[in-house]
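What the sequence shown shows, in my numbering, is residues 75 to 255, in sequence order. We put the beta carbon where it would ideally sit given N, CA and C, even for glycine.
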Amino acid sequence: MIILQIIILVVLVLIIFWQACLIFVSIQGAPTVYAWDDAILDTIQLAKPKAGEILLDLGCGNAKSLIMASKKFGVKGVGVEISPYCYLKSKWNVLASGESKNIKIILGDLAKAKKDIKKADIIYLYLLNQVLEKIEPMLFKTIKNDCRVVSLAFKFKDKKPEQISSTKNLGIKTSNFLYKK
Ligand SMILES: C[S@@+](CC[C@H](N)C(=O)[O-])C[C@H]1O[C@@H](n2cnc3c(N)ncnc32)[C@H](O)[C@@H]1O
75 MIILQIIILV VLVLIIFWQA CLIFVSIQGA PTVYAWDDAI LDTIQLAKPK AGEILLDLGC
135 GNAKSLIMAS KKFGVKGVGV EISPYCYLKS KWNVLASGES KNIKIILGDL AKAKKDIKKA
195 DIIYLYLLNQ VLEKIEPMLF KTIKNDCRVV SLAFKFKDKK PEQISSTKNL GIKTSNFLYK
255 K
């Protein structure tokens, strides 16, 4: 009986932790919605990734972008994630994928990830227009001259994209954008 009560308590605590993380990230910026695999790959492909380059996913969710890009293009992945739930999920997914030596996950706010933004060759974003607007000045001031920034579905307010392409995400036809400094 006691064991059953402990199991119920642990499950309740986990559900509360998960829900609290979802509410927290929605307040912080972009909600936790995972993009479709093909939409992620279509978007990253806009940057023409080369083996050994550093791909940064700001708000990496479940780290799928980093895992797929590491396997397909041989890039090194860095993910920044503010939700403790998504951070743990990303760490677990990376471990399970066997790509641990190639991918690093950081718990933190993407707006404060200047050190990693500076080093990135490619930055992949699936956020919201209002989040992109907020980070736009800092991001384009901080990136390297040859860094490519790709965004799925959402665009920056002032910066003009170098290329616009189309893809399908969550069952809906959408656009993806390539930006340079
Ligand atoms: C729309 S999801 C994208 C997930 C993944 N990149 C993908 O393409 O499927 C946005 C992610 O950004 C995270 N996020 C929201 N605000 C953030 C912030 N200020 N700093 C870091 N991550 C944040 C959320 O927790 C969520 O996992």
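Can you tell me the Cα-Cα spacing of residue i and residue j, whole angstroms?
i: L96; j: G135; result: 11 Å
i: L226; j: L213; result: 16 Å
i: L86; j: A170; result: 26 Å
Consult DSSP for residue i and reduce its assignment to one of helix, strand or coil.
i: S157; result: coil
i: F147; result: helix
i: S174; result: coil
i: D195; result: coil
i: I180; result: strand
i: I246; result: strand
i: L202; result: coil
i: I217; result: coil
i: T241; result: strand
i: F251; result: strand
i: V107; result: coil
Can you have a look at residue i and say buried or exposed, based on whether 16 or more other CB atoms are within 10 angstroms of its CB?
i: D112; result: exposed
i: L88; result: exposed
i: N243; result: buried
i: S164; result: buried
i: F228; result: buried
i: P211; result: exposed
i: K150; result: buried
i: I81; result: exposed
Going by the CB atoms, is the gap between residue j and residue i shorter than 7 Å?
i: V205; j: G103; result: yes
i: K188; j: T216; result: yes
Residue i: beta carbon under 6 Å from a heavy atom of ligand 3?
i: C221; result: Looking at this structure, you won't find ligand 3 anywhere; what it does contain is ligand 1.
Does chain B have any CB closer than 7 Å to the CB of residue i?
i: K175; result: The structure shown contains no chain B, having only a single protein chain.
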